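Chains as they are written, first to last, in this note's numbering: chain C, 1 to 330; chain X, 1 to 330.
Backbone N, C-alpha and C define an ideal beta-carbon position, used for all residues, glycine too.
If you're wondering where the values come from, they're calculated on a predicted model, not measured in any experiment.
Number of protein chains: 2
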Amino acid sequence: MKAIHLNNRPVGTPQLSDFKFETEEQPHITTGEMLLKAIYLSVDPYLRGRMNEGKSYIEPFELNKAMSSGMIAEVVESKLDGFSKGDFVSGMLEWKEYQASNGEGLMKVDGSMAHLSAYLGVLGMTGLTAYMGLIEIGKPKAGETVVVSGAAGAVGSVVGQIAKLLGCRVVGIAGTDEKVAQLKAEYGFDAAINYKTTENMSHAIADACPDGVDVYFDNVGGEVSDGVMLNVNRFARIIVCGAISLYNATTMPMGPRVQPILIKNSVLMQGFIIFNYMEKFAEAIPQLAQWLQEGKLTSTETIVEGFENTPQAFLDLFEGRNKGKMIVKI
Amino acid sequence: MKAIHLNNRPVGTPQLSDFKFETEEQPHITTGEMLLKAIYLSVDPYLRGRMNEGKSYIEPFELNKAMSSGMIAEVVESKLDGFSKGDFVSGMLEWKEYQASNGEGLMKVDGSMAHLSAYLGVLGMTGLTAYMGLIEIGKPKAGETVVVSGAAGAVGSVVGQIAKLLGCRVVGIAGTDEKVAQLKAEYGFDAAINYKTTENMSHAIADACPDGVDVYFDNVGGEVSDGVMLNVNRFARIIVCGAISLYNATTMPMGPRVQPILIKNSVLMQGFIIFNYMEKFAEAIPQLAQWLQEGKLTSTETIVEGFENTPQAFLDLFEGRNKGKMIVKI
């Protein structure tokens, strides 16, 4: 069976050669373990940080060892109480076709409630990130204006839809005309901006947000966010969830200082990591599942077929080639 | 009698010529008014923002009209219930030797509880700014490390002392060796750094904060803050109270982008303005007064004599010529 190892720590933009496919022996399980077969694998921008050396909020990947991310797996053999052959589980797993597990950190998922891949997206880490970040930090009130960057992505598209469900005016920023059209037609955004064809982001935001910006859910950082910052209202809340535009930078990214804007408008900026909100997942997942079943939440997935295409699927995230959640089907 | 008007809107660093002394007739009061004689006048960095055109959290000063700031005045004649000749009041007043007032926004102050000028400093806006910003946003816990920039200033020196009273390790940043010595000797800071003679602020902060930075009370912005930001702990809280190093900038000040740091460490950054916390003044003032009377809080004032020296006293703030609260005695 195959496993995908970290071959090099990338400098700047990751390359295919930073990954290495290794052939390993299929593991045998002992009492208290189960054998898992990988079904779906999630590639996410935050994994870029784990490819670097040095401490962050989550341990770095080790060189010459398998990488890992959120995955859905099928139990193909079990010597572990509570898990039976044919069950499906979700959790952080290694990038291997088969692996043994003692069940720690894994959650059984129900394929009849939603498609299994949804547990990596709208009912998984990305949906929870959207929900928790928007509700817990953004605290949007009906009638307020919410701006989302990376709006067509896995997190952004859910943020926008939840904000609409809460009665907000929602403006999305994305990188192609196709995505901009999708934001309005499929996700119900009130307005959307293609940052790649927009000369002056600040003016574009001002046009799209006649009452200013109350909540900014930031997935990208960089110049897109600079434009939004110039339009924030008094008491605005900024969820700093991602900075995909900066993740591959090899020198310290520079930009306009935010402090004068924060003071002038009493703005809150909060770095957001989903792992800090785990104790609230139990209340969020049923709400997301309900919206999904009622058809109030549209979940878009880009499914790449084949374990061997995992590295390329990851690299494609940084080119914006995904629509919604990027998932590899193994 | 004299009044000080805004003569020009400054571009960059303000000049004496941006102010103009005008001779006006002493006002006569009618029923429901009192005549006030200015005693003390507060000059503060935030006034720089009000000299610009354009909306901020507080209205800009008008050209060719008197400026205003926090002042202490004596009632010299009263036709207003509740105020008698000989009373002292504190509040936002115009830069005039005499003025009529209907009492709106003014508070009687008690010269027997503390020296009158204290109501512009440790018991006034700057003390309240220190207290509210530190407690409400910083939420310091005993044993945590609190860093304060502009530490020898009116706000910073009180922030540091309150943080010590709450059991924190306190590190101050100031701009002269004399101030650094004062922070340790007079205010009880655990360590202090002269940013003007420090080559690498990030290393200096790391040395002074072996357990990292949990709370950063930022009065200055700019490169000093860049160095602190590189040392923040997980869940750090940053009170963005002032950015004196940026107030006179004529182009958008640039610096390292903060978003990756905020995400990596789940950091909160909150723009702070004292005017948002007025409903909590009533609980804060008695606490500050008690600490002051018990000798637990040292209040330093730089008192400049003479109304005619008000513009220069204001300009001196940006050169760091004050120690503690800068006040003009009229």
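When the distance is taken between beta carbons, is residue j closer than 8 Å to residue i?
i               : j               : result
M269 of chain X : L262 of chain C : yes
T298 of chain C : E186 of chain C : yes
F235 of chain X : V148 of chain X : no
P14 of chain X  : L315 of chain X : yes
N219 of chain C : I244 of chain C : yes
Y70 of chain X  : M51 of chain X  : Before going further, note that residue 70 of chain X is Gly rather than Tyr in the sequence given. No, these two residues do not count as a Cβ contact at 8 Å.
A151 of chain C : I137 of chain C : no
G320 of chain X : T300 of chain X : no
L129 of chain X : C209 of chain X : One detail in the question is off: residue 129 of chain X reads as Thr in this sequence, not Leu. No, these two residues do not count as a Cβ contact at 8 Å.
L80 of chain X  : G32 of chain X  : yes
S90 of chain X  : M107 of chain X : yes
N265 of chain C : V228 of chain C : no
G127 of chain X : V158 of chain X : yes
I29 of chain X  : A118 of chain X : no
G153 of chain X : N322 of chain X : yes
L123 of chain C : G160 of chain C : no
M1 of chain X   : Y98 of chain X  : yes
V224 of chain C : V43 of chain C  : no
I274 of chain X : M125 of chain X : yes
Could you work out which residues of chain C lie near residue i, taking near to mean beta carbons separated by less than 7 Å?
i               : result
A284 of chain X : Simply none; closest approach about 18 Å.
N276 of chain X : S266
Going along chain C, which residues have a C-beta under 9 Å from residue i?
i               : result
P253 of chain X : P256, R257, Q259 and P260
L246 of chain X : R257, Q259 and P260
I'd like the list of long-range same chain contacts for residue i, defined as Cβ closer than 7 Å, with 5 residues on each side in sequence excluded.
i               : result
E53 of chain X  : R9 and P60
L116 of chain X : I39, Y40, I72, F88 and V109
K164 of chain X : V170 and G188
V267 of chain X : V232, A236, I238 and I261
G111 of chain C : F88
Chain C partners of residue i, CB-CB under 8 Å?
i               : result
M51 of chain X  : Residues of chain C passing the Cβ test: none, with the nearest at roughly 14 Å.
V240 of chain X : Q259, L262 and I263
I273 of chain X : I263 and S266
Listing by chain order, which chain X residues have their CB less than 7 Å from the CB of residue i?
i               : result
M269 of chain C : L262 and M269
D207 of chain C : In chain order: nothing, as chain X lies at least about 19 Å away.
D44 of chain C  : Going along chain X, no residue has its Cβ under 7 Å from D44 of chain C, so there is no contact; the nearest lies around 13 Å.
Find the residues of chain X that neighbour residue i, judging by a C-beta separation of less than 8 Å, and give them in chain order.
i               : result
A243 of chain C : R257, Q259, P260 and I263
G221 of chain C : R257, Q259 and P260
D214 of chain C : Going along chain X, no residue has its Cβ under 8 Å from D214 of chain C, so there is no contact; the nearest lies around 15 Å.
I218 of chain C : The amino acid occupying residue 218 of chain C in the given sequence is Asp; Ile does not appear at that position. Neighbours of D218 of chain C on chain X, chain order: Q259.
Residue i by DSSP, collapsed to three states: which one?
i               : result
D218 of chain X : strand
H5 of chain X   : strand
N265 of chain X : helix
Y40 of chain C  : strand
T145 of chain C : strand
A236 of chain X : strand
P256 of chain C : strand
N64 of chain C  : coil
M51 of chain X  : coil
A243 of chain C : coil
Y46 of chain X  : coil
G337 of chain X : In the structure displayed, chain X extends from 1 to 330; residue 337 of chain X sits before or after that span and is not available.
N322 of chain X : coil
F272 of chain X : coil
M107 of chain X : strand
A284 of chain C : helix
For residue i and residue j, what's the separation of their Cα atoms in angstroms?
i               : j               : result
Y195 of chain X : F189 of chain X : 16 Å
G82 of chain X  : V76 of chain X  : 14 Å
G271 of chain X : G221 of chain X : 12 Å
C168 of chain C : A289 of chain X : 45 Å
T198 of chain X : G143 of chain C : 49 Å
T250 of chain X : R257 of chain C : 13 Å
N200 of chain X : I285 of chain C : 47 Å
E308 of chain X : P27 of chain X  : 20 Å
A313 of chain C : I58 of chain C  : 22 Å
G306 of chain C : G105 of chain C : 25 Å
D226 of chain C : D226 of chain X : 18 Å
G103 of chain C : E279 of chain C : 19 Å
Identify, in the order they occur along the chain, each residue of the same chain with its Cβ nearer than 8 Å to the Cβ of residue i, setting aside the five sequence neighbours on each side.
i               : result
Q62 of chain X  : Here residue 62 of chain X turns out to be Glu, not Gln, going by the sequence shown. Only L6 meet the Cβ criterion.
L246 of chain X : G221, G222 and P253
Near residue i, which residues of its chain fall below 6 Å by C-beta distance, leaving aside the five closest residues on each side in sequence?
i               : result
P311 of chain C : L16 and F19
N64 of chain C  : H5
W291 of chain C : L297
V180 of chain X : A174, A192 and N194
Comparing the C-beta of residue i with each C-beta of chain A, is any distance below 8 Å?
i               : result
F281 of chain X : Chain labels in this structure do not include chain A; the protein chains are C and X.
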